[in-house]
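Undergrad:
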Amino acid sequence: MRLLIIEDDHVAAGYIQKGLTEAGHLADHAGDGEVGLEMARIAEYDVLIVDRMLPLLDGLSVISTLREEGVNTPVLILSALGDVDHRVEGLQAGGDDYLTKPYAFAELQARVEALARRRDPEAVQTRLKVGDLEMDLLARTVHRAGVNILLQPREFRLLEYLMKHAGQVVTRTMLLEKVWDYHFDPQTNVIDVHVSRLRTKIDKEFSTPLLHTVRGAGYRLQA
Amino acid sequence: MKPLPAFLRTTTFRITLFVAFLFSLSTFLLLLFVYQSTAGALSRQTDALLTQEINALSSLYRVSGINGVNRGVVERSAANSTYLYLFTGATGERVSGNLNGLPVNAAGQSGFFGFRYRLGINLDENDDERRARAKIVRLPNNYLLLVAADIEEQAQIAGQIAQAMWIGAILVLVLGVASGALISRRFANRIEALNAVARDVMAGDMKRRAPRNHTNDELDDLSSNLNKMLSRIESLMAASIYAGDSIAHDLRSPLTRMRARLEQAVRERESDEEEVFAATLRDADELLSIFNSIQRISRLESGEQRSVFHLIDPAPLVEDIAELYGPLCEEQNRNFEYEIETGLQIRADRGLIAQAMSNLVDNAVKYTDPGGGIALRLRKCRNGAVEISVTDTGPGVPVEKRHEILKRFVRLEGSRSRQGSGLGLSLVKAISEIHSAELLIEDGAGSHPGTGKGLRVAIVFPKAQKK
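Residue numbers (my numbering), protein chains in the order written: chain A, 1 to 223; chain B, 1001 to 1467.
(1) Using a C-beta cutoff of 8 Å, does Phe1461/B count as contacting chain A?
(2) Thinking just about the alpha-carbon of each residue, which of Leu1226/B, Asn1070/B, Asp1392/B and Gly1204/B is nearest to the one in Met1237/B?
(3) Answer yes or no: does any C-beta atom of chain A fall closer than 8 Å to that of Tyr1325/B?
(4) Thinking just about the alpha-carbon of each residue, which of Thr1393/B, Asp1392/B and Leu1378/B is nearest to the one in Val1386/B?
(5) Can you tell me whether DSSP reads Thr188/A as helix, strand or coil?
(6) Looking at the C-beta of His212/A, does it have a partner C-beta in chain B at a distance below 8 Å?
(7) Looking only at C-alpha atoms, which of Ala1348/B, Asp1320/B and Gly1326/B sits nearest to Phe1309/B?
(8) Is the beta carbon of Tyr1083/B sitting closer than 8 Å to the one on Glu1129/B?
(9) Taking only beta-carbon positions, decide if Leu1281/B is within less than 8 Å of chain A.
(10) Work out the CA separation of Leu1099/B and Gly1072/B for me, nearest whole Å.
(11) In three-state terms, what does DSSP make of Tyr15/A?
(12) Quick one: is Glu113/A buried, meaning 16 or more other Cβ sit within 10 Å of its Cβ, or exposed?
(13) Kindly say whether Tyr15/A, judged by its beta-carbon, lies nearer than 8 Å to any beta-carbon of chain B.
(14) I want to verify the contact list: residues of chain B whose CB lies under 8 Å from the CB of Thr188/A, in sequence order.
(15) Over the uninterrupted beta strand (DSSP E) stretch that includes Ile1459/B, give me the two end residues.
(16) What does the alpha-carbon distance come out to for the pair Thr1256/B and Asp1283/B?
(17) Any idea which residues DSSP pairs Val75/A with across the strands?
(18) Taking Asp1334/B and Gly1396/B to be in contact with their CB atoms under 8 Å, please state how far apart those CB atoms are, rounded to whole angstroms.
(19) Measure the C-alpha to C-alpha separation of Lys204/A and Ser196/A and round it to an integer number of angstroms.
(20) For Ala148/A, does the three-state DSSP call read helix, strand or coil?
(21) Of all the options Leu1194/B, Val1019/B and Arg1350/B, which has the alpha carbon lying nearest to the alpha carbon of Leu1219/B?
(22) Taking C-alpha atoms, which residue in Ser64/A, Asp136/A and Met174/A lies nearest to Leu239/A?
(23) Using 8 Å for Cβ pairs, my map puts Arg52/A next to Leu91/A. What's the rounded Cβ distance?
(24) Output needed in chain order: residues of the region 1339 to 1360 of chain B with a Cβ under 9 Å from some Cβ in chain A.
(25) Quick one: list the residues of chain A neighbouring Ala1278/B, beta-carbon separation under 9 Å, in chain order.
(26) To the nearest angstrom, report how far apart Leu57/A and Arg127/A are at their CA atoms.
(27) Going by Cα to Cα distance, which pick from Val1019/B, Ser1298/B, Ser1043/B and Glu1339/B is closest to Ala1132/B?
(28) Residues of chain A with a CB under 7 Å from the CB of Glu1331/B: which are they?
(29) When burial is assigned at 16 or more other CB atoms within 10 Å of the CB, is Glu160/A buried or exposed?
(30) Select from Arg1199/B, Val1399/B, Leu1226/B and Leu1281/B the residue whose C-alpha is nearest the C-alpha of Arg1212/B.
(31) Checking contacts by CB at 8 Å: is Arg1416/B closer than that to chain A?
(32) If you check the beta carbons only, do Val147/A and Ala110/A fall under 8 Å apart?
(33) Just the Cα atoms here: how many angstroms apart are Asp1217/B and Ser1432/B?
(34) Considering only residues of the same chain and omitting the five flanking positions on each side of Ala145/A, which have a CB-CB separation below 7 Å?
(35) Determine whether the beta carbon atoms of Leu1017/B and Gly1180/B lie at a separation below 8 Å.
(36) Given that a residue counts as buried once 16 or more other Cβ atoms are within 10 Å of its Cβ, and exposed if not, what is Lys164/A?
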């Protein structure tokens, strides 16, 4: 993937750049809003990582300018401002996801990769398939190797999200945000309990596990 | 120029000065009126009597001519009447009367005029000059008739009244200024006492309080309010110092762990690097989450975040939290129950309420022993308020400590070792406050065999008003 990091903190940008490069991506860096806007216009990127507060041109202006010009590259906003209001502002400006500083690199990487996936022409999917696990979004049924698996509504949504991001690391915070729509960190491992219940249902009776725990990051559904 | 003494610069002094001036002016006007209506009335009466007398004499002219008038004057002068008479002839020579000549200023006069004369007509030059008021009537052939009245006593009374008037006005002015100075001095002293307190507080003595005389007058009120304000500031300062200390303490533990672990890793090269790094990351995450919570609470408390709250049905919110935490409780062997009344409304922010409930349930799970119970309830109170409560069967919180646990970083004895930052309830409190909701901390359901007496924390939302 080709990524652009627009961030004025060069040390932080360096870490992100290094991390993403090690993960096999190609990451460019712009140190201010104007250079960032120019680079985003010229080159084709898969995801833009934009710091909210930038010299010369602030992050939200960069994003809204790009959107007005018809550039639809997914944008992950990085910000020290983490309130719901700030998040809403960011998303209204055209951002696709919002990550509050400070963040774990694993979180950033997982979100960037999830955003890149969104770029794929999103034909209305009615069936999802990961290995021998199948989900019918219309009938709201799940089968594995032909065996019907009964899920609670929330478990269904959890699995749907994991299947849509099959092969990618999905963090606990992402699950809490996307599946539960909560933007805070519970002090206890509530998400783990839900994931482990889901795992029991989809993996226990079968020889190959699909739902993997990624240490220090989150989970990955992979055949 | 030398500055005036403090009390002369006070507003009070300026006001009293003004009032004193107004007062003396009105006193002056009052006495002027009294003067007018006493001295004035007397002189008007004199004039009327003079006119009456002179008319009587001049009417003699019509009856019996000059001789008639002359006779009248002679008769009346001899009768030693209260009036003074003078009748002069064509060349101005005295014809008759008890005055021996026209007053110096009588030339050309007609009508009323005042003059001075000596009593006793030439008999004693040492007699005092006396004031008189005269009326002159000119008769044909240059004959002239003058009738006058002695008004010395009258004039003296009028003079005394005038004098009293001036003295009175000046006295009022002097007394006014003096009392003004006195009052302002008292006032200035009391204000100065307040200023002294303010200066001491600014200099750092937070224990200083404004003096009170308990009369409940406006200054006493001001002192009382200042004192309350100072107490509030003092307690806020104490709280922030406490929070600062606690931050230091709470941040120090993970930092110390981190440092020790890294140090050990450096010492023993063969130790499990990955494990060290993972643990260090966990500590760093804990630090970050403490910072995040602090920031969130500060934002909420500052009232900076004032999203528009909408009327919402809390039931789905509570149900979501129940669904989120149910499995966790089950996993950890706590009985989890929930009761949800439907069809209620509160004015709230969904995310914040979810967070508050999440914190409360987190706490309940943390402080309840395995085998204990946790209940999440949504219900309508009798007065129309809506209550979301979390009840557990943990050890509970002593009544006297309940206020304490709402403060940032406060964790009761014995719970510091448990995981958590001590910020959970402070956040719940801040969230309750921006929703104008009341946060209740009460006893739980009561002791069951093998459990504590429990704790019930309730957020009580005021009855939602339609906008």
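Ideal Cβ placement from N, Cα and C applies to all residues, glycine included.
TA: Taking the structure as given:
(1) no
(2) Gly1204/B
(3) yes
(4) Leu1378/B
(5) coil
(6) no
(7) Ala1348/B
(8) no
(9) yes
(10) 15 Å
(11) helix
(12) buried
(13) no
(14) Leu1328, Asp1362, Val1365 and Lys1366
(15) Leu1455 to Phe1461
(16) 10 Å
(17) Leu48/A
(18) According to the sequence as given, residue 1334/B is Arg; it is not Asp. Incorrect: roughly 16 Å between the Cβ atoms, too far for contact.
(19) 10 Å
(20) Residue 148/A is actually Asn in this sequence, not Ala. Note: Asn148/A maps to strand in three-state DSSP.
(21) Leu1194/B
(22) In the structure displayed, chain A extends from 1 to 223; residue 239/A sits before or after that span and is not available.
(23) Actually they are not in contact, since the Cβ atoms of Arg52/A and Leu91/A sit about 12 Å apart, beyond 8 Å.
(24) Asp1349, Arg1350, Gly1351, Leu1352, Ala1354, Gln1355, Ser1358 and Asn1359
(25) Arg215 and Gly216
(26) 43 Å
(27) Ser1043/B
(28) Val193
(29) buried
(30) Leu1226/B
(31) With a pLDDT of only 47 at Arg1416/B, under 50, the local geometry of the prediction cannot be trusted, and the value read off the model is given with reservation. Output row for Arg1416/B: interface = no.
(32) no
(33) 38 Å
(34) Asp132 and Phe206
(35) yes
(36) buried
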